[in-house]
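If you read the sequences in order, they're chains A and B.
Just so we're aligned: 216 in the working numbering is position 68 of the first sequence, and the numbers increase by one with no gaps anywhere.
Just so we're aligned: 531 in the working numbering is position 487 of the second sequence, and the numbers increase by one with no gaps anywhere.
For each residue, glycine too, the CB sits at the ideal point set by N, CA and C.
From a predicted model like this one, the values you see are computed outputs, not experimental measurements.
To start, the structure under review is shown below, and the notes come after it.
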Amino acid sequence: MNELSALPQHTTQMMLHTPFHSRVVEACEINEWSAWQGYTTPSSYTNVEFEYFAIRSNTGVFDLTPMTKYRITGADAEAYLDRLLTRNIAKLAVNRVAYIVMCNDAGDVIDDGTVFRLADNEFRLCTQERVLDWMMWSAAGFDVEVIDETADVAALAIQGPTSCRVLRNMGFAGMENLKPFGMQTFEFNGARIMISRTGYTGDLGYEAWMAPEQAESFWDALFEAGKLRGIRAFGSEALDIARIEAGYLAAGVDFVPAEQIVRNGRGRSPLELGLGWLVDFNKPVFSGRKALLKQKEYGPRYRFVKLSVEGNKPAEHSFIYCRGKAVGTVTSAGWCPTAKTNVALASLEMPYGRPGDELEAEIYYMRELHWTRLMAKCTIITKPVWEPARRLQTPAPDA
Amino acid sequence: MTDKKYDAIIIGAGHNGLICANYLAKSGKSVLVLEANATVGGAACTREFAPGFKVSAGAQWLYQLNPTIVSDLKLIAHGLVYAAQDLDSIALNPNGQQHISIHGSHASGGDLSEQDAHQFAALQGQLLRFVRVLDRVFNRRPPKLIESDWHDKLTLARLGIDMKMLGKEDMSEMLRVGLINIYDLLNEHLDNPLLKGALSLDAVLGSHMGPRSPNTVFTYLYRLLGQHYRFNGPALLKGGMGQLADVLLHSAQHQGVEVRTNSAVITINLNADSAKSVTLGNGDTIVANSIVSNADPKTTFTKLVGLRNIEAGFSRRVQVIRMNGNAAKLHLALEGLPDFTGLNAQQTGARLLIAPDMKYVERAFNHAKYGELSPAPAMDISIPTVHDGSLAPAGKHVLSATVQYAPYALKDGWTEAQKQLAQKVAIDTIAQYAPRIKEQIRAAEYLSPADLEQQFNTHGGHWHHGEISLDQVLMMRPTPGCTQYRTPVDNLYLCGAGAHPGGGLMGLAGKNAAEEILRG
Ligand SMILES: Cc1cc2nc3c(=O)[nH]c(=O)nc-3n(C[C@H](O)[C@H](O)[C@H](O)COP(=O)(O)OP(=O)(O)OC[C@H]3O[C@@H](n4cnc5c(N)ncnc54)[C@H](O)[C@@H]3O)c2cc1C
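Dropping the structure here:
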């Protein structure tokens, strides 16, 4: 037997296909592909605006199989995650999901993601990056098994105001009663699939998790059920607009994952990413605790802010100024079509971003090879510009 | 729970733990020392290994005990008595003649050329100038890599000045040789294979390195520290190395230190980020303001604190500390004084080295690299009974030898059969130099690193509680993020050989740690 065959697939094959690939290829009319954690996935299927509006007005479907997934089992699974993650996992009930970050000892964020409690001693951790080595190092001293199940679990995000209706049409009775950050197992095609009320679009939406063998028939049934509800597959570009509108961070974009950093001081702590609420200092130990306690006492180095930017030109990669001094940079920006707001996420040096600080973004944009520079006023906003009530309503409204 | 709260609890009564206890108590602290074994001293111990035959069952030679400690703690007054001092090291020639004697910086005998003798003295002279610089750094806590305070900056500045004071030539030579291997260095200066073999053994004893491993000039300098401390050769204590333990215990008790043996600490208990107490095997929990561990860093964090109670990055660093021992001990109870070909009775009491040339030592290491026994090991032999009749019945003798190499992670495991084989190989090797010795053996004992691990509660049975390699010394000892005797756990300190400057019966780790604890 070839020794390579023992290695995870993503380390031996150039571009992997997800179990939905046959359907994705068919739907990807404009043939725009990009690489995502070793998989080939569409950046857009047809037209980014169409896809985005499907998310906001109907149902958008996104193949999130390449999202890194780890299965954590064993008597110490909970204790292990409590040391790995900054949040209190003991408080996470079975069939509940939590947004999480994990830090290194310096308190810098290695990755963000979600953790699913499948049973008392069984969890799924979804992350943006591949962080298996960190997870294995963290496992020393715990009775746990950690396996990368990325390729073993096919997953689709089903997002938008009609998403609940579509799933009910598929036969998932009682879907409307699933609470945000809850999950439930259903029968499909004689197999069990798991559906969670989670997502990355800031709207009503679900994620379905299944064995790869179920993928194609699930996709077919889903699109059949959504035919009259404007269902449409969307790619990473539409997703990016939606997540900026919802104010969600992206690893590798809004912060550099700590394990990839080579230059001292380029990492960001949860406190510096506006994620202090994810840190539970009442836990006696978790990676990053000591550094974060110190940071809490002496103050973080950076402040992460959401900005409403004057005008409609995206402030991509802009410097942010405060009374003529460059005090930070924009990490993500975009015009939000539904909220009709020009939004930017930015990292500012402390103490800037205080109430009363007048901030400006230096924006460069080009029209027909003509570059224009403008200084746009920015206002710090604390709430996401897109936060529809249905996102949190149970039973989920029918549309 | 015992009611009394101590200023400090020291886990382990190795010489470093006892020295630390002495210094703390001298400054008025209430100190409790908890030792797992029935006797104190750690690897500084004397043990009866056959009826009537006693041996220094761990360290056999005293050659670098820090003189400041001896005088600070008035160890002579407390009963430190030498059986022999300033002994020669004799490099045994396999031809049974032409052995070479080394006394401090002077070598003579055999076929050693005048030029080599001269070159050797000059080389030692230069290396000793480097050692003086190192000594200044070893005598205090190491500076930190980042966030240095004024104390650390001073240490660094002094190091800089000391190096400058060496003069341009010496300074650049020190920087050049600091990182290279002893094989190249000795070849640059000397011709005589036997002399080079013996010196190269000094550079690798107790380590997982061969003469051609980078870093072995540094370990040689480390060994030479003894000469800087005015040991013109190794010494033997009356009654064996256990006497050092007794003397340190005596002076500690005189200072009011409480010492309990047969009291293994099972856990160090934390309250969030801070060490609060220790729990013993019998369930007793004892609280203290400072918990000081003389156990090696891996044992301290893996077993006592628990890896799950420290952050993952640090846990990883602890796990990758290199500390698999590669030296074994051989103890022989002998019916009479062994007859080493070409040595007189008095010479038999010297330090006898089996390392006929550097390639021999390197070849012995090759096997160890792959987890195998060396068929021709290098050895450092002592026959203490030549100087000290108290160790064996009249007319009988004891031979103690460090056998280099014997890998902790032996491929086939340290089974009884492997141990028998290793013992046979070691005895056969000695018999090449003392042909009649086999007939004289009344009892024999072979301690593999796995045995040493068990007897001294030291992970890997490692001589230094962690390799003295450049990535594990100074501010990186035992590991980055855990330096200056402190650890990521507040109020938990390290005072053993795993801390700066390292192992050997030197005592500086214990002394420096006490100073750091007293600093608060
Ligand atoms: C084979 C061998 C030969 C050597 N030869 C020489 C030599 O000739 N000359 C020389 O100078 N050096 C020699 N050394 C090195 C020297 O012996 C050591 O570096 C030195 O003894 C280390 O001293 P220490 O006090 O730091 O630790 P140790 O002597 O190892 O003492 C640590 C103590 O802590 C105790 N302990 C550990 N865990 C616990 C616990 N949980 N609860 C309570 N107590 C605990 C142990 O039982 C032990 O007594 C040799 C080492 C070895 C292994």
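Remark: the C-beta of residue 358 of chain B is outside contact range of ligand 1, defined as less than 6 Å to any heavy atom. As the crow flies, the alpha-carbon of residue 246 of chain B is around 50 Å from that of residue 157 of chain A. Considering only B:113, B:243, B:195, B:225, the residue with the shortest C-alpha distance to residue 145 of chain B is B:243. Straight across, the Cα-Cα distance linking residue 330 of chain A with residue 321 of chain A is about 15 Å.
When DSSP assignments are scanned along the region 391-421 of chain B, the uninterrupted stretches of beta strand (DSSP E) that are 3 or more residues long and fall wholly within it turn out to be 395-398.
Using a C-beta cut-off of 8 Å, the region 428-442 of chain A makes no contact with the region 463-475 of chain A, since fewer than three inter-stretch Cβ pairs fall below that distance. Residues of the region 341-362 of chain B that bring their beta carbon within less than 8 Å of a beta carbon in chain A comprise 346, 350, 351, 352, 353, 354, 355, 356, 357, 358, 359, 360, in sequence order.
Taking 7 Å as the threshold, the shortest C-beta distance from residue 175 of chain A to chain B does not fall below it.
Approximately 5 Å separates the beta-carbon atoms of residue 289 of chain B and residue 88 of chain B; this is inside 8 Å, confirming the contact.
Contact annotation: residue 452 of chain B and residue 418 of chain B have beta-carbon atoms that are not nearer than 7 Å.
In terms of Cβ geometry, residue 426 of chain A and residue 216 of chain A do not form a close pair [threshold 7 Å]. The CB of residue 314 of chain B comes closer than 9 Å to the CB of 432, 433 in chain A, given here in chain order. Note on geometry: alpha-carbon atoms of residue 488 of chain A and residue 319 of chain B lie some 55 Å from one another.
Across the set B:535, B:361, B:386, the C-alpha of B:361 shows the shortest separation from the C-alpha of residue 516 of chain B. Between ligand 1 and the CB of residue 60 of chain B, the shortest heavy atom gap is smaller than 6 Å. In the three-state reduction of the DSSP assignment, residue 534 of chain A falls in the coil class, being assigned neither a helical nor a strand state.
Scanning the region 327-408 of chain A from its first residue to its last, the whole alpha helix (DSSP H) runs of 4-plus residues come out as 363-374, 384-394.
Each of A:529, A:358, A:245, A:315 was checked against the Cα of residue 376 of chain A, and the nearest Cα belongs to A:315. The Cβ of residue 289 of chain A sits closer than 7 Å to at least one Cβ of chain B. In this structure, residue 160 of chain B lies near residue 234 of chain B, with their beta-carbon atoms less than 7 Å apart. Contact between the region 532-541 of chain A and the region 485-504 of chain A is established, with three or more Cβ pairs separated by less than 8 Å.
Boundaries of the beta strand (DSSP E) around residue 441 of chain B: 441-448. When C-beta distances to chain B are compared with 9 Å, the residues of the region 220-236 of chain A below that value are 224, 227, 228, 231, 232, in chain order. A straight line joining the alpha-carbon of residue 260 of chain A with that of residue 415 of chain A spans about 13 Å. Counting C-beta pairs with one atom in each stretch, the region 326-340 of chain B and the region 46-66 of chain B have three or more that are closer than 8 Å, which means they touch. Within chain A, the residues whose beta carbon sits less than 7 Å from that of residue 532 of chain B are 438, listed in sequence order. Taking each of A:176, A:170, A:166 in turn and checking the Cα distance to residue 381 of chain A, the smallest one comes out for A:176.
Taking CB atoms only, residue 179 of chain B has no neighbour in chain A less than 7 Å away. If you keep only unbroken beta strand (DSSP E) runs of at least 3 residues inside the region 97-147 of chain B, you get 97-100, 126-128, 133-135, 144-147.
Any Cβ of chain A closer than 7 Å to the Cβ of residue 317 of chain B would place that residue at the interface, and such an atom is present. With contacts defined as CB atoms closer than 7 Å, residue 417 of chain A and residue 353 of chain A fail to qualify as a contacting pair. Nearest Cα to residue 167 of chain A within the set A:373, A:433, A:367, A:526: A:367.
In the structure shown, residue 150 of chain B adopts extended strand secondary structure according to DSSP, grouped into three states. Annotation for residue 384 of chain B: 136, 391, 392, 396, 477, 478 place their beta carbon closer than 8 Å to its own, counting only its chain and skipping 5 residues before and after. Segment contact: the region 504-512 of chain A against the region 422-437 of chain A, fewer than three CB-CB distances shorter than 8 Å; contact not assigned.
Straight-line spacing of the CA atoms in residue 433 of chain B and residue 193 of chain B works out to 53 Å.
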